[in-house]
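I have placed the structure first, in the form of structure tokens, so that the comments after it can refer back to it.
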Amino acid sequence: MKFKPPDIPKDRKDLELLSKEALEELVWQQQHLIEKLIEEVERLKELCNKDSQTSSLPPSSDLLKRSEKTPLTKEKESDSSHRKPGGQQGHPGKTRKGFGRVDRYQVLEPQKCPVCGGNHWETRGVTTRSYQVAQLVERPIEIVEYQQVRRLCQKCGEQVSGELPENVIPGQDLSVNLQTMLVWLGHYGHLSYEKQQEWLKEFGKIEVSLGTLEATTRRVAEALTPQVESEKNRGR
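So the sequence shown is numbered by this note's numbering: it starts at -19 and just counts up by one.
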């Protein structure tokens, strides 16, 4: 979907010469554009949370959920002479080493055993697995380390972990809503990966590698391809 901004005079003096009716029309056009952009962002958020298990989307849409640590095949390794500049697909980016800070910790206790439905836990065999994820919040960006507590079900002995929030994908450093924002900046805001890096550093005080930004755009594009093709076919 293409969004055309209203034709606003670049010079302030030219803007002041416009009539009241013309200014009201510009304000209305801007408001209409903002509403369209908000709808598009919400639509992209919904698409990012869908996969072949929770909707009618094909399995190819599950590519969004894949970890950035995709192993390289021998064929790809031998083809290194034809690699493009920047982060390579499947290459573990520097972001995987962490962000150098944690803004808050959130401990995720298991709520219910999926095997037997029990919710009483053994005091032994408790382990914790941590995920650091950069996500978009009101502050506006915070680094959250989710510490998944693993406990033994007292009823059946099953080892159960606390569940990650829906907008956190294991193996990916950026939350779904932050990835959506970056893709929007890249496509509708026409921000290059380098400019997105600057935006993240100034806006969120975090450093994200070019490889992570490229992988984010690639995952979202591949996940949305079936939906785009479906819309094209519907319009024919």
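Even for Gly, the Cβ is constructed at its ideal location relative to N, Cα and C.
At what residues does the alpha helix (DSSP H) containing residue 14 begin and finish?
Along the sequence shown, read from residue 1 onward, the residue named residue 14 stands at position 34. 0 to 28 is the extent of the alpha helix (DSSP H) around residue 14.
Among the residues of its own chain, which have a CB less than 6 Å from the CB of residue 207, if the five just before and after it don't count?
As a position in the sequence shown, residue 207 is number 227, starting the count at 1. No residues qualify anywhere along the chain.
Cβ shell of residue 93 (< 6 Å), same chain only, five flanking positions each side left out:
Taking the sequence shown and counting its residues from 1, one reaches residue 93 at position 113. 133, 138 and 140.
Given 8 Å, three or more beta-carbon pairs between the stretch 115 to 130 and the stretch 78 to 96
yes
Would you report the Cα separation of residue 199 and residue 26, rounded to the nearest angstrom?
To locate residue 199, count along the sequence shown from 1; it is residue 219. To locate residue 26, count along the sequence shown from 1; it is residue 46. So the two alpha carbons sit approximately 15 Å from each other.
If you measure between the beta carbons of residue 165 and residue 171, is that distance less than 8 Å?
Position 185 of the sequence shown, counted from the start, is the residue given in the question as residue 165. Position 191 of the sequence shown, counted from the start, is the residue given in the question as residue 171. Closer than 8 Å, so yes.
Contact under 8 Å by Cβ, residue 173 with residue 204
Residue mapping note: residue 173 aligns to position 193 of the sequence shown, counting from 1. Residue mapping note: residue 204 aligns to position 224 of the sequence shown, counting from 1. In this structure, residue 204 does not lie closer than 8 Å to residue 173 by Cβ.
Can you give me the Cβ contacts of residue 184 inside the same chain, cut-off strictly under 6 Å, excluding the 5 residues immediately before and after it?
One-based indexing of the sequence shown puts residue 184 at position 204. 121, listed in sequence order.
Residue 155 vs residue 190 beta-carbon contact at 8 Å
For the purposes of this step, residue 155 is identified with residue 175 of the sequence shown, where counting begins at 1. For the purposes of this step, residue 190 is identified with residue 210 of the sequence shown, where counting begins at 1. No, these two residues do not count as a Cβ contact at 8 Å.
Between which residues of its own chain and residue 186 is the CB-CB distance below 8 Å, once the five residues before and five after are set aside?
As a first step, residue 186 must be located in the sequence shown, where it is residue number 206. For residue 186, where only same-chain residues beyond five positions count, the Cβ hits under 8 Å are 79, 114, 121, 123 and 180.
Flag this pair as yes or no: are the beta carbons of residue 144 and residue 196 separated by less than 8 Å?
Your numbering for residue 144 matches position 164 in the sequence shown. Your numbering for residue 196 matches position 216 in the sequence shown. Contact flag unset, no.
In whole angstroms, what separates the C-alpha of residue -1 from that of residue 149?
Here residue -1 is taken as the residue at index 19 of the sequence shown, counted from 1. Here residue 149 is taken as the residue at index 169 of the sequence shown, counted from 1. Their backbone Cα atoms lie some 51 Å apart in a straight line.
Taking its Cβ as the centre, do 16 or more other Cβ atoms sit within 10 Å of residue -9, making it buried, or is it exposed?
The count along the sequence shown starts at 1 and reaches residue -9 at position 11. Label assigned to residue -9: exposed.
State yes or no: is the C-beta of residue 136 within less than 8 Å of the C-beta of residue 169?
Against the sequence shown, residue 136 aligns to sequence position 156. Against the sequence shown, residue 169 aligns to sequence position 189. Their beta carbons are not under 8 Å apart, which means residue 136 does not touch residue 169 by this criterion.
Cα separation between residue 91 and residue 106?
Numbered from 1 along the sequence shown, position 111 holds the residue referred to as residue 91. Numbered from 1 along the sequence shown, position 126 holds the residue referred to as residue 106. Those two C-alpha atoms are separated by around 14 Å.
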